[in-house]
Structures are given as structure tokens and as C-alpha cells.
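Just so you know, the protein sequences line up as chains A and B, in that order.
To convert, note that position 112 of the first sequence is 112 in full-length UniProt numbering; the numbers rise steadily by one, no gaps.
To convert, note that position 160 of the second sequence is 160 in full-length UniProt numbering; the numbers rise steadily by one, no gaps.
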Amino acid sequence: MSYQLPKFRHPELPKNDLGYTKADYEGAISTLCAGCGHDSISGAIVKACHELSIEPHKIAKLSGIGCSSKTPTYYLGKSHGFNSVHGRMPSVVTGAAMANRELLYLGVSGDGDTASIGMGQFAHVARRNLNMVYIVMNNGCYGLTKGQDSATADEGSMSKKGEPNPFSAIDLCATALQFGATFVARSFSGDKTQLVPLIKAAIAHRGFALIDVVSPCVTFNNNKGSTKSYEFVREHAEATGAVDFVPMRKEITTDYKPGYSHEVTLHDGSSIHLYKLEQDLDPFDRTSALLAMERHRAAGDILTGLIYMDKASRDLHEQLETSRRPLSQLTEEDLCPGNQMLKNINASLR
Amino acid sequence: MKPTDTSNPEYFHKVVDCQYACPAHTPVPEYIRLIAAERYSDAYMVNWESNVFPGILGRTCDRPCEPACRRGRVEEEPVAICRLKRVAADNKDKADIASRMPEIPAEKNGKRVALIGAGPASLTVARDLAPLGYSIDIFDNQNAGGGMMRSQIPSFRLPAEVLDEEVNYILDMGINATFDIEVQSLREVLDKGYDAVFVGTGAPRGKGLNLPGLEDAAEHVHLGIDWLASVAFGHTTSIEKKVLVLGGGNTAMDCCRTSRRLGGEDVRVVVRSPFEDMKASPWEKDDAMHEGIPIYNNHVPKEFVIEDGEFKGMYFEKVMAEYDPDGKRSLVPTGEPLVFMEADVVLMAIGQENAFPWIERDLGVAFDKWEMPVVDRNTFQSSNPKVFFGGDAAFGPENVITAVAHGHQAAISIDLFCQGKDVDERPAPFTSLLSQKMGVHEWSYDNAIETDKRYAVPHAPLDKALSDRMLEVELGFDRGTGYKEAERCLNCDVQTVFEEARCIECDACVDICPTDCITFVGNAEEEQLRHSLTAPAGNLAQDLYVSEDLPTTRVMVKDENVCLHCGLCAERCPTSAWDMQKFLYNVTKAGR
């Protein structure tokens, strides 16, 4: 088994605006099972960050516990990282984001880490609209402990041992919407053409951006009867539409078939173009998004793509009217008003 | 694009760039692995089977394999393939090798073959035919076998003992060799009743330059190859102090370096073309310059200068190269005054020609308007079915490894012809494709990719080298360095073999591939496909490996160009749709 990735790269790898190639955004060689969907998501994160020309030291990648939460080792090797406690990644991101609002916070979690032990944390970070990207690598099972059904396993989905799951599933996109998330998307690890622009749009969105990525567990949940296998997802994925992320200053070159298209300008001046396939979904309307998800769930399909986006999103810093200068950069002088000011304040209260 | 037909042996053969580029198609990665495993005798025999002269070629080969080496496309320099071959030759067990030589049947098959010339082409024919029971007579005008390898390659590049050893492996196969005999008539040879005759007489005539003053300067002007031969056979032991060598090929490099060893002090190479267009191998130019020999490029010789009946030197006209839109070069005078260079002696190394005054034109051997024999490119048969040509004699000057390749093919033809079979029905190459899987994520080859830069071969100290014509300049890699250099090989013969029926399109191979060779994409015509891959596929000389349609209607496309053959695609594949399989390709030999 190879423990190191060869150092050589394709000699003509494209360079981004910073002069970096994709290789500058890679991490160590993966130790996950061969064929794990998570590795593809790692690949998509690398591609998205490279193409957006984000300086690696301006990114913080955080995770909880689980197969998914091991992945930060496998991408963005030159960025900040924090592998936190099981289910507690949102708290750590909240702390970090409050202290330094200038970094891009990329949280990665799994279905166990999010929908079971971390459900409370997940609810509150969505509710507070913390400015972060929250990617769930969702394989519907506990791969690290030999594949027990997780809380996102669909009712009736067959385990490797042939047992159908008796419980109903938590739909992370639907719950996030109800918790108040301002960007909700679902994708599939095996579809980078959809996933990469979604990650880019989530990065550009100011507020809490959830991408629930169905990511098959090749070892424990890629069997017949499973609703999270490569084959099942490929057959049952229905895209809301195509998403094209257009960075600021770049011309639109993608050529889609005529249809309903919508351009949304994001906070940083970039824009996303939506090319809608799902006629009954208005991705800027929560009710419509919830209905569409429910409709597809009932039909046994998986609705993928951008499901909801709040164009008027105000993130936690905006809501709390925090200092524009990051807390981490404020000095004692900035923070302590001095004895005289304190006396004045006290006097005003007497 | 149509799915790639990997059952055609030429597809995977082409992926092994070094082997494909080698005229004799020596299985390079196979013997490099054996060197790394310290199995020098085995490595030697892999070479010997294919190129007949591993020790000689390990020192003197033109190495078409090295510019082709895939390593040169992922980093600065290719694997030092040629010098690794020498490691095998230097470290082999001679007794072991002798015991592995083919057995020569005591009872002959009744067929007699004459080989004219005892150079690399003829010796290869002898090597291939003797074990089959042919009676072989060799005739050569030199006093020992080896042809131009003996007369033109100086001893400081190729020691006589190395040459003798490998020539003798063949002559000891019961070959009846007659030396010091100039064959004057092909008719006489044919009249002796041979079943076939092979002409391997090389390109023995040096080209001259008929410039003003040549007549008076004649005794100070020598043809390069004749002068080198005269040195090799001990007739010439010294040279004057000021030497001009005209020409930019490897013969010119051998002439100037030999001159330095025989007393030449001011030795210059003067060449018409720009430096980069010179025909000499880059390393030969480097070695010459390292020995203090300047190379004057863009100088066209104009005149031999005689004053008061004495030879003084030569005039040259300065030119510059201009290229027309088709890349055709013309040398245009710069208009500067002629350059005078003093000289005591001039060596002309501006090319070689074939000469067949000894072949009567009424024997059915047709000649073209350039007085070259009409020879079939595949069978090496002339228009007289009994007469075959090979080496430089067939199509003009090439190199040793090409002569060897010719010899193998001519031997196949002679064997087919003597057995009354059709010479155009060439036997297929011997190939095998074997999985290298040893267990989960384990391979029987060393798939880790070393990042070492190319190792330099150590040289003898300059002062010592220049004072002794017989002292070999290159010392060769020692075993340790040979191992390290061998580890630079990417094992391109261990092929990435894709089985679409097993693929679940998880993208694991795409994500892990360090050089972005693999893409899953909708099929299209090649030109369009080359633009829709993960990384640009601009090297048109390198094939795209295309699968059948997959369930998502996409196809797997792999650009072979910079694949490291690291096996990670196969390691990360959950269904073994990718496998690493060793492809061995051996050109068939006579009698197979």
C-alpha cells in the first residue's frame, strides 16, 4: 500500500490567479477505503478552492469525528485546521469565526457527527446563520464502527447484512431549512460537475451554507437495496437545475440549453447563474423548497442541486453588529476604554 | 473515439516509450528492474537476447530511448538507460553468462550462409542463425571482428576487451571467420554455392570536400574515419599540434578527442551549422568541450591556404541560419570578412557514403539512381532473393543499435528463405500481460516514485585521460549509484489496464491520480476529447486510452502521456476495474 503520493504532477497544470496549481491545495494521501465517496468530495473542495484562487492561509478547515471528519487531512494541506470533538465542530467554528471574521470557515461533518451526536449544535449554528460552509459527507451509516445505520439512513434502506432500516430518516436539508439556514443544497460525491460550482457558491454566500452530499460508503453501504449506493443515487438523483458560479470579473462562458435562468449577485460581487430544470421549485422561496423536497422524497427520488438560497441573508456578525475589525486584531487599547470612561459610565447609571 | 483495442500488442508497446523508440525494442524497464534487484547477469541476458552487445552499447549507443523516456516529461532528465545497461555488463558474472550462451548443434542443418563484413549487423545475423544449425562463413577486411565498432570508436570510449568479449561470444558459436580479406566480387561468393548471402559492409567511404587549395594541401588533409581506423590499428600514433576537425557529427567528436590524445594542442571543431543543429549527440559535444576543445559553429570552410608551398590553414565564411516557414534551413553569409584559422592538419568528418564497387551489376541485385541497393524495408531482401542487406549497407549510415535491429530481421528472412517459406510472412512478436497484484494494495514491482535527479557518470581525471588514448574516460556507475538510477525508472511496462464491466464510476482513480491522467467524460472525436480532459492532453504522439461506454454513458479516458505507472488508480479502485499488468514485448527472432 502506498503511504505517499508521488511528488510529480502534470507539467501543464493550469495556474490560478495566485499562480498556484491544484497541487498547492492538496493534502496528504487518503487512508479511507478505496472508492470512498468522501475522497471525491475532498477532490471537489480542492478544485473549488483552487479555481476561486483563495489563498490557502485564508482558509480554516474544521471537523468533528468520523470517516468524514478525517478528510481535512486529505485536502488543503497549507490551510489552518481543527479536528474537534464529536458533533462539536459548529461550536469551535463559532468561536473561531467570532474571533477572526476574515477567514473562510469550511466545516466538514458526517451524518453521525451532524444528525446524531451533533444535532443540537447543527440546529443552532444554522439558526444563528454563522458565515460558514457546512459540508455533510452523508453515507447513511457509521462506517468507522462497521456500518450500522445512521440517522440519515432512509426507512427501508437495506444494510449490507440485508436488514431494512425500520426508522424514518432525518433529512438534513429539510431540517436546516426549518432551522433557518440561508443556503441549502444537496449533491452527490460522484457528480463533480454539480458539486464544484455548489461549493463555490456556498463559499461566496454570506451566511450558513449547508451542502448535504450523498457519499456512498463502498465498504458498508454500497449494496443492493441501499438508497445511498452509487448505483441507486445515479438512478434516482433529480437535479433542481444546473448551477454555474461566476466569479467577479469573469465573463459567462457556459452554454446551457435555453430555459429558465436566473442570475443572483452575491455579497462579494460574484454571481451564480441558475438554469432551472425543476419547474415547480423557486429556490428563493422556503415554502417552495420544502414542498419540492417533500414531493421528491415521496416519489423516492433524491432532489439535488441548489434547493434554497436567501438573497437577503444577514450573517451572525451583521446581526450582532460586531466590530468590522476582527476581534483577534483588536488591542487592549481598543478593548479597554480606560478608567475615566468607566467612571463616566458608572456615573451615568447612578 | 472508438474504444482502445488493447489486444493489439502495439498499443501497450507504444506506452513503453523507451522500448518503442529502441530500434531493437529491448525491454528496457524489465532489465532496469533486474539491475535494481542486483540480478546483473539476468539483466545482461535480457539485453543480450535483444541487442547482442550490451557492454558495447552501454558505452556507445546513440540512445534513442532516452529522449523518448517518460521521466523526461515529468521532470528535467530521462533515466540514464544507456549507462544502466553498462552497469549490467560491468557487474555480470562472466562464467554464468558463458554457460547461458545458446547451444550450437553439432549436426548442421545443411544450409550455408555467407556474411560479408563482420560488423554489428553481420554478427547479429550470425548470432541468430548459428544456434539453428546454419553453417556460417564471415569475411572481413579488418584483422578482427566488430566492423566500425573497432575501427571508428576510439578505445577511450570503448575498451578493446569489452569489444572482444562480446564479439567473441558470437564468433565462438562455431562461426567460420576469415579476416584480412577484402571481398572483391559478390559473384565469386555466390558461385561458392551459399544458400544465402548477407551484406553488412557498412558505409565505409568518408566524404571529402573539394575546396580550392586541396591539391597542394592534400598530405595535410585526412578523411576522419580513415584516420580513426589508422589510429585504432596502430598505424598512426601522433598528430601535429594544430588540428582542425571539420564536421559536427559523432565522428568529428571522436576525431577531435583522439587528436587531443595524440599530441594535438590547439584542436578545434569547425561546423557549418548552428551548435544546436549539430548531428553529434549532446553528451559527445559536452565531453569534447570538457576536454578543452572549442566548437566553432556557423563557419563554412572555403579554402585551404598554401603560402610559399607550405600549408598554413583554412579560410571560413561566417554564416547564420535562417528558417523558412516550413522550417527548412538555409545558411546565409553574414557578409563579415573570411575567418582564417591556422592549422597543421585537417580532419574531415562531414559524412560517410556507401560503396559497392565489388557487387557486379548483372547479378540481379538492383541499384537505384544513388547507387544504393534496392532493399525491402521489412525483409532486408534485395532483388536477388538470395542476397540480403543490413546495417549501414542497407539504407545508409545509421548506428549500431539500428544495425542490430536490421540483423535480427534479416536473420528471420534468411531462415524463412532457406526453409522455403515466404519471407513476407513475419512472425508476430512474443507478448505477455500479467497482473502484478500480490495482495490488497500490494504490487510485485516497486511502485513508489523516487524524486532523485539523474545521476552523473563519473569520469577519469582529465589529465590522465588526455595522456592515454587507451584509458576509458567514463568510469560507469558503481552498484550503489546504479541502484539509485534504476529506481528512477517509472516501470512504464507495468500497464494500467481498465476493465469497464467492473467500474462503478466512483471517481477514486480520478481523485488520486497525481498527474491527472484519468477523466470520465462524454465521448467525442479525439481532437475535441483532448480538450475536455482534466489536464491538457496536448502531446499528440501519446495515445488516449478510451473505454467502452459506461453506465452513465460516459467513457473513461486516460492520457498516457505523463502516467507515472504508480499504481495508485488501481490501489484506490474498490472493484479492481484498474489493474497493474506487466506487458512484456519481445521481437521475434529467427527460428521462433
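Using N, Cα and C, we set each Cβ at its ideal position, and we do this for glycine too.
Candidates the options: closest to residue i by CA position
i: B/L540; options: B/T178, B/Q528, B/E548 and B/G396; result: B/Q528
i: B/L331; options: B/F356, B/K582, B/V300 and B/E353; result: B/V300
i: B/S259; options: B/A280, B/S230 and B/P282; result: B/S230
i: B/P204; options: B/L228, B/V197 and B/L190; result: B/L228
i: B/E303; options: B/P159, B/E342 and B/T552; result: B/E342
i: A/R234; options: A/V243, A/N222 and A/D244; result: A/N222
i: B/A43; options: B/N91, B/N250 and B/P333; result: B/N91
i: A/L195; options: A/F245, A/E55 and A/R206; result: A/F245
i: B/E526; options: B/D559, B/G247, B/R39 and B/I512; result: B/D559
i: A/A237; options: A/G27, A/K47 and A/S189; result: A/S189
i: B/N250; options: B/G351, B/Y134 and B/K192; result: B/G351
i: A/C217; options: A/S2, A/L342 and A/K146; result: A/K146
i: B/P337; options: B/F316, B/A355, B/M320 and B/P357; result: B/F316
Chain B within 8 Å of residue i, Cβ atoms only
i: A/E12; result: yes
i: A/D255; result: Residue placement at A/D255 is flagged as unreliable, the pLDDT there being 46, under the threshold of 50; a coordinate-derived value is accordingly withheld.
i: A/A33; result: According to the sequence provided, residue 33 of chain A is Cys. The question's Ala does not apply to it. Chain B, which has a Cβ nearer than 8 Å to the Cβ of A/C33, makes this yes.
i: A/R9; result: yes
i: A/P197; result: no
i: A/G77; result: no
i: A/L18; result: no
i: A/M1; result: yes
i: A/L5; result: yes
i: A/R206; result: no
i: A/S39; result: Strictly speaking, residue 39 of chain A in this sequence is Asp, with Ser absent from that position. A/D39 counts as touching chain B.
i: A/Y25; result: no
i: A/G338; result: no
7 Å CB neighbourhood of residue i in its chain, flanking five on each side removed
i: B/L171; result: G145 and A177
i: B/G591; result: L132 and D415
i: B/Y169; result: M101
i: B/C563; result: T496, T515 and C517
i: B/C65; result: C18, A21, C22, V28 and I81
i: A/L198; result: A185, S187, I211, V243 and L306
i: A/T253; result: The predicted position of A/T253 is uncertain, since its pLDDT is 45 and thus under 50; a value taken from the coordinates is nonetheless stated next. Same-chain partners within the cutoff: there are none.
Enclosing alpha helix (DSSP H) for residue i [first to last residue]
i: A/M132; result: Per DSSP, A/M132 belongs to no alpha helix (DSSP H); it is in the beta strand (DSSP E), M132 to N138.
i: residue 595 of chain B; result: Since the displayed chain B opens at 1 and closes at 592, residue 595 of chain B lies outside it and no answer follows.
i: A/Q121; result: M119 to R127
Residue i at chain A interface by Cβ criterion, 8 Å
i: B/E505; result: yes
i: B/H441; result: yes
i: B/T496; result: no
i: B/E75; result: yes
i: B/P373; result: no
i: B/I239; result: no
i: B/E49; result: no
i: B/T552; result: yes
i: B/I449; result: yes
i: B/E571; result: yes
i: B/A524; result: no
Beta-carbon proximity list for residue i, same chain, < 6 Å, skipping 5 on both sides
i: A/D310; result: T182
i: A/M158; result: P164, G225 and S226
i: B/V243; result: S259, G264, V267 and V345
i: A/K78; result: P56
Residues of its chain near residue i, where Cβ-Cβ distance is below 8 Å and the 5 sequence neighbours each way are ignored
i: B/P551; result: E505
i: B/P574; result: I504, C506 and A508
i: B/D422; result: L416
i: B/R71; result: E77, P78, V79, R488, C489 and L490
Start and end residues, beta strand (DSSP E) containing residue i
i: B/F139; result: S135 to F139
i: A/M98; result: Segment M89 to A99 is the alpha helix (DSSP H) holding A/M98; no beta strand (DSSP E) there.
i: B/M556; result: R554 to D559
Residue i - partner residues in DSSP beta bridges
i: B/M348; result: B/L223 and B/L246
i: B/I32; result: The partner list for B/I32 (beta bridge, DSSP) is empty, contrary to what the question assumes.
i: A/K61; result: A/G81 and A/L106
i: A/T304; result: A/A239
i: B/S435; result: B/Q581
i: B/W443; result: B/K437
i: A/A185; result: A/I211 and A/L306
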